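Notes follow once the structure below has been shown.
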Amino acid sequence: MDIRFKDELASMPDLRHRLRRLRWFRATFRASARAVTEAYGVRFAIDDARLTRAFLDWIEIAEAEKRFAEINRADFIVFAAGLVLRELIRHDPAKATGEAAHPNEGTAVPQSTEEIVRFWPEGFLYTNYCVSAVAAIHEQEFGAAPAIDKCADDLRTWWSYRENVTEMPAYAVAFLDRFLGSEPNWIAPDHVPSRRAMQQVLQSLSGGTPAGLPTR
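Mapping of the sequence shown onto the working numbering: position 99 corresponds to residue 985, and the numbering continues sequentially without gaps.
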């Protein structure tokens, strides 16, 4: 996946906390849309009211679950981004409105990514924003971004992704995990205690038996 927007995000200090503020969330999402337009020539109209609702629904859930960051912060960052993706898909604040008059002809773009953008421009924008955010935050906090699985460049995976999240937006969490090389939880994708990475840490702390969760 082409995540050139990651570098712009990574240049912002304390990105993890900034993105939890509506002003920064809206600004970075719009900047991400501009980056996609510049690279692929697809213009977007963004509904600020829908974008705000997506943010507010996400932040409410993320705040309620943030105690899990104490168990595995790296995995919780991915999970939180999956929730963002779920809410963006649910509220669908962006609409592709046609081709840009002068796309950046000097920018080399992967053909596989271009096919995905043409197939589902809104879904690519939402996913690319979330993957870029995870990569930038991991780079800031852990020194390296997670590897992106090759399935993220497979149009057939995107066909399945679009079909599944249309029926059940929670699958967005599972597909984001898959794109970032983790084993998804297809049964309860947005249930953080069921995540494999969380369970592994809990079991190691309790000597093999799942431990109790931290209190709020």
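Glycine residues also receive a C-beta, built at the ideal position from the N, C-alpha and C atoms. As the structure is a computational prediction, the values presented were derived from the model and not from experiment.
- If only complete runs of 3 or more residues are kept, the segment 904–966 shows the beta strand (DSSP E) at 928–932, in order along the chain.
- The beta carbon of Leu901 sits closer than 8 Å to the beta carbons of Leu895, Ala1019, Ala1022, Ile1023, Gln1026 from its chain, once the five residues preceding and following it are set aside; these are given in chain order.
- One Cα belongs to Asp933, the other to Asp961, and the distance between them is close to 30 Å.
- Distance check between Arg929 and each of Leu937, Ala919, Arg936, Ala935 places Ala919 closest, using alpha-carbon atoms only.
- Under a 10 Å Cβ-count criterion, Leu908 is classified as exposed, with fewer than 16 other Cβ atoms of the shown protein chains found around its own Cβ.
- Under the DSSP assignment, Ala980 falls in the beta strand (DSSP E) whose first and last residues are 980–985.
- By the neighbour-count criterion, in which a residue is buried when 16 or more other Cβ atoms sit within 10 angstroms of its Cβ, Asp893 is exposed.
- Straight-line measurement puts the Cα of Glu1049 at about 17 Å from the Cα of Leu1011.
- In this model, Ile947 and Ile1034 are separated by some 26 Å (Cα to Cα).
- The Cβ-Cβ distance between Arg912 and Leu942 does not fall below 8 Å.
- No Cβ-Cβ contact shorter than 8 Å links Tyr1047 with Phe1028.
- Taking Ile1073 as reference, the option from Gln1086, Met1084, Ala1056 with the minimal CA-CA separation is Ala1056.
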